[in-house]
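**Q**
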Amino acid sequence: MQADIRTGRLSAAEIEANFSDMHAPLKRAEALVEADRCYFCFDAPCTTACPTDINIPGFIQKIRSNNIKGSAYTILSENIMGGMCSRVCPTEVLCEEVCVRTTLEGQPVRIGLLQRYATDSIIADKLQLFERGLASGKRVAVVGGGPASLSCAHRLATLGHQVTVLNSAGKLGGLNEYGIAAYKTVNNFAQSEVDYILDIGGIDVRNGQSLGTDFSLADLREEYDAVFLGFGLGGVNELRLENDRAEGIVDAVEYIASLRQADSKIELPVGRHVLVIGGGMTAIDVAVQSKQLGAEDVTIVYRRGPDQMGASEFEQNFAQTSGVRIRHWLAPASLKMDGERVSGVRFDYTRLDESGKLQTTGDSCEMDADIVFKAIGQQVLWDSLGDTGESLKVIHGRISANDDRKTSLSDVWAGGDCILGGEDLTVAAVQDGKVAAMGIDRFLRATE
Ligand SMILES: Cc1cc2nc3c(=O)[nH]c(=O)nc-3n(C[C@H](O)[C@H](O)[C@H](O)COP(=O)(O)OP(=O)(O)OC[C@H]3O[C@@H](n4cnc5c(N)ncnc54)[C@H](O)[C@@H]3O)c2cc1C
Ligand code: SF4
Numbered sequence: 010m011q012a013d014i015r016t017g018r019l020s021a022a023e024i025e026a027n028f029s030d031m032h033a034p035l036k037r038a039e040a041l042v043e044a045d046r047c048y049f050c051f052d053a054p055c056t057t058a059c060p061t062d063i064n065i066p067g068f069i070q071k072i073r074s075n076n077i078k079g080s081a082y083t084i085l086s087e088n089i090m091g092g093m094c095s096r097v098c099p100t101e102v103l104c105e106e107v108c109v110r111t112t113l114e115g116q117p118v119r120i121g122l123l124q125r126y127a128t129d130s131i132i133a134d135k136l137q138l139f140e141r142g143l144a145s146g147k148r149v150a151v152v153g154g155g156p157a158s159l160s161c162a163h164r165l166a167t168l169g170h171q172v173t174v175l176n177s178a179g180k181l182g183g184l185n186e187y188g189i190a191a192y193k194t195v196n197n198f199a200q201s202e203v204d205y206i207l208d209i210g211g212i213d214v215r216n217g218q219s220l221g222t223d224f225s226l227a228d229l230r231e232e233y234d235a236v237f238l239g240f241g242l243g244g245v246n247e248l249r250l251e252n253d254r255a256e257g258i259v260d261a262v263e264y265i266a267s268l269r270q271a272d273s274k275i276e277l278p279v280g281r282h283v284l285v286i287g288g289g290m291t292a293i294d295v296a297v298q299s300k301q302l303g304a305e306d307v308t309i310v311y312r313r314g315p316d317q318m319g320a321s322e323f324e325q326n327f328a329q330t331s332g333v334r335i336r337h338w339l340a341p342a343s344l345k346m347d348g349e350r351v352s353g354v355r356f357d358y359t360r361l362d363e364s365g366k367l368q369t370t371g372d373s374c375e376m377d378a379d380i381v382f383k384a385i386g387q388q389v390l391w392d393s394l395g396d397t398g399e400s401l402k403v404i405h406g407r408i409s410a411n412d413d414r415k416t417s418l419s420d421v422w423a424g425g426d427c428i429l430g431g432e433d434l435t436v437a438a439v440q441d442g443k444v445a446a447m448g449i450d451r452f453l454r455a456t457e
């Protein structure tokens, strides 16, 4: 089978329509109606479910009284990336899942959309609600430019510390800029949010600077009063099959990054028949976006059942209604090759045995593909980080950190995807950065 991979499967207009905003923002009248649905619960379960502890009834109340600035402040003072989180949080398994309205009538208050309503105009109009704290004279190095690092940097700046952000990528934002699906964050929102965060002042940014190549952890500990590590997960897990680096096997995260950075999506090469191996958000995103770029058929193949998928039920439904097929209980067994290129995958059927262990059933099937995306999770690329891994306590490949996000080193904190227990969610990374900054602040003030 000749691989059918080409650009321009759809017209520019079709692509623009396919990549438009996933959820239209609420208009004022809609926001007021939605805000009116809130019961302003005492001990609000939605707030408890929010990883960044946003006072949800509090910000909704302010929308009702038309105090948008106050509403945004309530959100952003707990989660400086409240704008991005309102777009990308799986609210259906966080605040909206536990909303009392869900229990009573199966339809939660649309908290995510209200949060977006409250924050959008503040970011768009660059209305600064925060100011830099009185200079403490302390300097903190923040490694990485993703949600964990930016949240940490912003909170440190409000507390008066001078921050230097050292980021390997050419732009700040981390996966907000390079990973999140394009239809979740349109109109360059990620960079508008970064600009808003930096606008507070006191944050010196050095892009194109990599820990492990341009400087070491020891250098930073020598030069700065404290260090925060938020370098995320740089490497993807391999399929561990013969020929798994062959032409046609593509790293889903890398493809999504090129999609996010493309000036014109019509110029991105897309396969006609696409297979995606994995069950998380990355699998959903690469599958849906391949479909939106014009792939004829796209199938996600996952080795367990729908309930075990990392992607929520909402995301699975979204993929299916976008034309993506999801096949469960199939594990990749070997790759079909056409010369040097992959032409498909052979799968073993799987099931759980009595002890809950995944077993193959003895049956198998084959699926043809022009492109096979691997989306089976990511890992810290320790080899690229010099001796960082040796100097820190690392468990299961991730940095061990305590409740304050302090590592095994007295002056080093860490957060986001690179720490053990990281939930691989933007909102969790933002919370880590915030908590770490407050721990760093206590440490710096104690050593004054
Ligand atoms: C494809 C995809 C889609 C996703 N979709 C969603 C979603 O819809 N909703 C959601 O909540 N979560 C989503 N996530 C997860 C979310 O993006 C991450 O949990 C979050 O970005 C983690 O933030 P972080 O700051 O820890 O790391 P990252 O965002 O990965 O940022 C790491 C930063 O460190 C920098 N860096 C890396 N190595 C070095 C080094 N050696 N030296 C200096 N800097 C370095 C990078 O340039 C980057 O700026 C998605 C993830 C992926 C991969
Ligand atoms: S649980 Fe629902 S109804 Fe109650 S405060 Fe939160 S958003 Fe309002």
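Positions in the sequence shown are counted from 1; adding 9 to them yields this note's numbering.
We put the CB at the ideal spot given by N, CA and C, even for glycine.
Since the structure is predicted, the reported quantities are computational estimates derived from the model, not experimental observations.
1) Do you know whose CA, among Glu263, Leu181, Leu453 and Ala144, lies nearest Ala157's CA?
2) Examine the Cβ distances between the region 234-254 and the region 144-155 and report whether three or more of them are shorter than 8 Å.
3) Return yes when the C-beta of Arg110 is under 7 Å from any heavy atom of ligand 3, and no when it is not.
4) So what does Tyr126 bridge to, in DSSP terms?
5) Hey, out of Ile212, Gly211 and Leu229, whose CA is closest to Ser219's CA?
6) Return the first residue and the last residue of the alpha helix (DSSP H) that Arg336 is part of.
7) Residues bridged to Tyr358 by DSSP?
8) Quick check: Gly92 and Arg141, are their CB atoms within less than 8 Å of each other?
9) Using a Cβ-Cβ cutoff of less than 7 Å, which residues in the same chain neighbour Ser417 once the five nearest sequence positions on both sides are dropped?
10) For Tyr126, is the beta carbon positioned less than 7 Å from some heavy atom of ligand 2?
11) Under a Cβ-count criterion, where at least 16 other Cβ atoms within 10 Å of its own Cβ denotes burial, should Gly239 be classed as buried or exposed?
12) Within the present structure, is the beta-carbon of Cys50 separated from the nearest heavy atom of ligand 2 by less than 7 Å?
13) Who does Trp422 pair with in a DSSP beta bridge?
14) Between Leu242 and the rest of its own chain, which residues show a CB-CB distance below 7 Å, the 5 nearest in sequence each way excluded?
15) Would you please state the rounded distance, in angstroms, between the beta carbons of Ile24 and Ile189? I believe it to be under 8 Å.
16) Kindly list the residues whose CB is nearer than 6 Å to the CB of Val351, restricted to its own chain and excluding five residues on each side of it in sequence; keep chain order.
17) Measure the Cβ-Cβ separation of Gly353 and Glu375 and say whether it is below 8 Å.
18) Terminal residues of the continuous alpha helix (DSSP H) containing Thr397?
19) When the distance is taken between beta carbons, is Ala261 closer than 8 Å to Lys383?
20) Going by C-alpha to C-alpha distance, which of Ala44, Asp377, Val439 and Glu231 sits closest to Asp420?
21) Could you tell me whether any non-hydrogen atom of ligand 2 is closer than 7 Å to the CB of Cys55?
22) Assuming Gly424 contacts Ala445 under a Cβ cut-off of 8 Å, what Cβ separation, rounded to an integer in Å, is found between them?
23) From the DSSP output, which residues share a beta bridge with Met376?
24) Assuming His282 is part of the beta strand (DSSP E), what are its boundary residues?
25) With DSSP as the reference, label Leu175 as helix, strand or coil.
26) Using 8 Å as the Cβ pair cut-off and three pairs as the minimum, do the region 61-69 and the region 38-50 touch?
27) Rounded to a whole number of angstroms, what is the C-alpha to C-alpha distance between Gln116 and Gly332?
28) Report the residue from Lys193, Asp396, Ile206 and Arg215 whose alpha carbon sits nearest the alpha carbon of Ile265.
**A** Let's see:
1) The residue with the shortest Cα to Cα distance from Ala157 is Leu181.
2) Cβ pair count under 8 Å is three or more, so yes.
3) Summarising the ligand content, the structure contains ligand 1 and ligand 2 and does not contain ligand 3.
4) Secondary-structure assignment with DSSP links Tyr126 through no beta bridge to anything.
5) Looking at the Cα atoms, Leu229 is the closest of the given residues.
6) Looking at the DSSP string, Arg336 is not in any alpha helix (DSSP H); the run it does join, the beta strand (DSSP E), is Val333 to Arg336.
7) Among the bridge pairs identified by DSSP, Tyr358 is matched with Leu339.
8) No, the Cβ-Cβ distance between Gly92 and Arg141 is not below 8 Å.
9) A distance below 7 Å between beta-carbons, with the five flanking residues on each side excluded, links Ser417 to the following residues of its chain, in chain order: Leu401, Lys402 and Ser409.
10) Tyr126 Cβ: outside cutoff for every heavy atom of ligand 2.
11) Answer is buried; the Cβ neighbour count reaches 16.
12) Within the cutoff, so yes.
13) Under DSSP, Trp422 forms a beta bridge with Phe237 and Lys415.
14) Once the five neighbours on either side are set aside, the close Cβ partners of Leu242 are Gln387, Gln388, Val389, Asp426 and Cys427.
15) In fact, because the Cβ distance is near 18 Å, the residues do not count as touching under 8 Å.
16) Same-chain partners within the cutoff: Ala255, Gly257, Ile258, Leu344 and Val381.
17) Contact: yes.
18) For Thr397, the enclosing alpha helix (DSSP H) has its first and last residue at Thr397 to Ser400.
19) Yes, the pair counts as a contact, with Cβ atoms nearer than the cut-off.
20) Comparing alpha carbon positions, the residue from Ala44, Asp377, Val439 and Glu231 closest to Asp420 is Glu231.
21) The answer is yes for Cys55.
22) 5 Å between Cβ atoms; contact.
23) Note: Met376 is bridge-paired with Val354 in the DSSP secondary-structure output.
24) Taken as a continuous stretch (DSSP letters only), the beta strand (DSSP E) holding His282 covers His282 to Ile286.
25) Leu175 falls in the strand class under three-state DSSP.
26) Under the 8 Å Cβ criterion, the region 61-69 counts as touching the region 38-50, having at least three qualifying pairs.
27) Their Cα atoms are separated by approximately 25 Å.
28) Here the closest residue by C-alpha is Lys193.
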